[in-house]
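Visitor:
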Amino acid sequence: MTAIITTVVSLSGTGDVAASGNTNGTIYDFPELGYAYSALEPWIDAQTMELHYTKHFRAYYDNFIKAATEAGLSGMPVKIILANVSKYPAAIRNNGGGYYNHALFWENMTGDKQEIPSELRTAIEKDFGSWDAFKTSFETAAKTQFGSGWAWLSLGSDGKLFVSSTPNQDNPLMDVAGKQGTPLLALDVWEHAYYLKYLNRRAEYVENFWNIVNWKTVLHRMKEAQK
Ligand code: MN3
Numbered sequence: 051m052t053a054i055i056t057t058v059v060s061l062s063g064t065g066d067v068a069a070s071g072n073t074n075g076t077i078y079d080f081p082e083l084g085y086a087y088s089a090l091e092p093w094i095d096a097q098t099m100e101l102h103y104t105k106h107f108r109a110y111y112d113n114f115i116k117a118a119t120e121a122g123l124s125g126m127p128v129k130i131i132l133a134n135v136s137k138y139p140a141a142i143r144n145n146g147g148g149y150y151n152h153a154l155f156w157e158n159m160t161g162d163k164q165e166i167p168s169e170l171r172t173a174i175e176k177d178f179g180s181w182d183a184f185k186t187s188f189e190t191a192a193k194t195q196f197g198s199g200w201a202w203l204s205l206g207s208d209g210k211l212f213v214s215s216t217p218n219q220d221n222p223l224m225d226v227a228g229k230q231g232t233p234l235l236a237l238d239v240w241e242h243a244y245y246l247k248y249l250n251r252r253a254e255y256v257e258n259f260w261n262i263v264n265w266k267t268v269l270h271r272m273k274e275a276q277k
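First residue of the sequence shown: 51, per the numbering used here; consecutive thereafter.
(1) What is the rounded straight-line gap between the Cα of isoleucine 262 and the Cα of glutamine 97?
(2) For glutamate 82, which option in Leu90, Glu91, Arg108, Ala253 has the closest C-alpha, if you only look at C-alpha atoms?
(3) With a cut-off of 6 Å, give the chain-ordered residues whose Cβ is closer than this to any heavy atom of ligand 1.
(4) Runs of 4 residues minimum, wholly inside the region 79-133: which ones carry the alpha helix (DSSP H) assignment?
(5) Could you tell me which whole beta strand (DSSP E) segments of length 3 or greater appear in the region 183-233?
(6) Evaluate glutamate 157 with the Cβ neighbour count: other Cβ atoms within 10 Å of its Cβ, from every protein chain shown; 16 or more gives buried, anything less gives exposed.
(7) Which residue wins for smallest C-alpha separation from glutamate 100, given the options Glu241, Thr232, Ala86, Tyr255?
(8) Looking only at its own chain, which residues have a Cβ that is under 8 Å from the Cβ of lysine 247, when we skip the five neighbours before and after it?
(9) Assuming isoleucine 142 is part of the alpha helix (DSSP H), what are its boundary residues?
(10) Please state the DSSP three-state secondary structure of leucine 235.
(11) By alpha-carbon positions, which one of Val239, Pro167, Gly179, Ala253 ends up nearest to glycine 148?
(12) Is it the case that the Cβ atoms of asparagine 151 and asparagine 221 are separated by a distance below 8 Å?
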């Protein structure tokens, strides 16, 4: 999993993100999934994962590269672009968000069921009152996001964890977000993320998400954000 976490670092880097393994002449990697399409079954089916990764994600990536090149932003770290996204064309917001959000999402899932690291559990209990209160808050954000979007656990600039949802491909890094922070955990609630298996039952998809969260990655992101 080391390589996966390195990708997070390069996505959120501050300029010295020399390309490793990309072929497009930019600093933006198309990250490996890090596990098999079937690894998250039965909670997310292999066909959904393959389509989501090879088609949807690839399209956001390709369109982001194109939009970033046209806007003269090639080479600027994604995190910096997103933090100033209101200045840029809509194609940057939609595709840069789609690229960044999915890269986080792939990395914060795993087929190896994990215990929640005590350090993370303690931080969540402190800021949400209890683990169940956090879970309920996150599930509610995911279930009630109208239309397409994402649910998030993030670290705010006040040092506190918070849950939010964003429409479309927006995320908490963006200057257009209702509440800004560093994303630690992402859940895609676009229909393409669950419709083949769950049809219209978004709530069931959301509740099953807990079976596949990579809590080690979430903790790693929290510690990076606290630096
Ligand atoms: Mn998606």
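Backbone N, C-alpha and C fix where the C-beta goes; we use that ideal spot for every residue, glycine too.
Guide: To lay it out plainly:
(1) 17 Å
(2) Arg108
(3) His102, His106, His152, Asp238, Trp240, His242, Ala243
(4) 96-101, 108-120, 128-133
(5) 199-205, 211-217
(6) buried
(7) Ala86
(8) Ile94, Asp95, Thr98, Tyr255
(9) 140-157
(10) strand
(11) Val239
(12) yes
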